[in-house]
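K.L.:
In our numbering, the protein residues as written are 1 to 152.
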């Protein structure tokens with residue numbers, strides 16, 4: 001990630017990466033409170049291999065970047081791929097007019113980090129939350145022999 005990226009740009013990359021990571025994992029909503037999200041984000045960020053590429057992202061509990069990154073995402077002009085709805089719960093919003101197959105390449109272009117690496121951070125983040133606070137897509141109505149992979 002270029003050194004010239006400021007805090008706002010890095011927060012925007014973070015929120016888009018997590019939103020697309022959630023979509024890839026079939027996560028439609030996170031209902032945990034902000035303190036739980038901040039604590040889980042801190043643990044995930046400290047172990048993520050790409051954290052050093054975004055030095056402006058704060059992960060301490062008092063001044064964590066996760067809340068402003070998600071809350072301000074809908075109004076950031078650089079939110080090209082995704083944003084978050086934060087009214088009541090956290091819902092990742094990935095643009096519907098982008099072909100799912102194009103998302104990995106576009107995400108890597110916008111954030112300079114691969115989808116696989118964003119999925120790793122997303123998995124680590126949600127692993128620190130209670131299972132009932134992470135809502136997945138309901139595949140039960142689909143007539144398949146197993147849980148399908150999300151289309152990304």
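In this text, a Cβ means the ideal position worked out from N, Cα and C, and glycines have one as well.
Span of the alpha helix (DSSP H) holding residue 93?
P.N.:
It is not in any alpha helix (DSSP H) - residue 93 instead sits in the beta strand (DSSP E) that spans 91-94.
K.L.:
Whole angstroms is fine: what's the gap from residue 69's alpha carbon to residue 11's?
P.N.:
5 angstroms
K.L.:
Taking the alpha helix (DSSP H) that residue 28 belongs to, which residues open and close that run?
P.N.:
Here residue 28 belongs to no alpha helix (DSSP H); instead the beta strand (DSSP E) covers 27-30.
K.L.:
Over what stretch of residues does the alpha helix (DSSP H) that includes residue 62 continue unbroken?
P.N.:
Note, residue 62: premise wrong, no alpha helix (DSSP H); not H, not E.
K.L.:
Whole angstroms is fine: what's the gap from residue 81's alpha carbon to residue 113's?
P.N.:
14 angstroms
K.L.:
Please classify residue 17 as buried or exposed, where buried requires at least 16 other C-beta atoms within 10 Å of its C-beta.
P.N.:
Buried is the call here.
K.L.:
To the nearest angstrom, how far is the alpha carbon of residue 127 from that of residue 40?
P.N.:
Near 8 angstroms, if we compare the C-alpha coordinates of residue 40 and residue 127.
K.L.:
Where do the N-terminal and C-terminal ends of the beta strand (DSSP E) with residue 124 fall, by residue?
P.N.:
Run containing residue 124: none in the beta strand (DSSP E); it sits in the alpha helix (DSSP H), 115-127.
K.L.:
Comparing C-alpha positions only, which one of 132, 125, 133, 116 sits nearest to residue 24?
P.N.:
Each of 132, 125, 133, 116 was checked against the Cα of residue 24, and the nearest Cα belongs to 116.
K.L.:
Given this structure, state the Cα-to-Cα distance separating residue 84 from residue 15, to the nearest angstrom.
P.N.:
Each residue's Cα considered, the two are about 8 angstroms apart.
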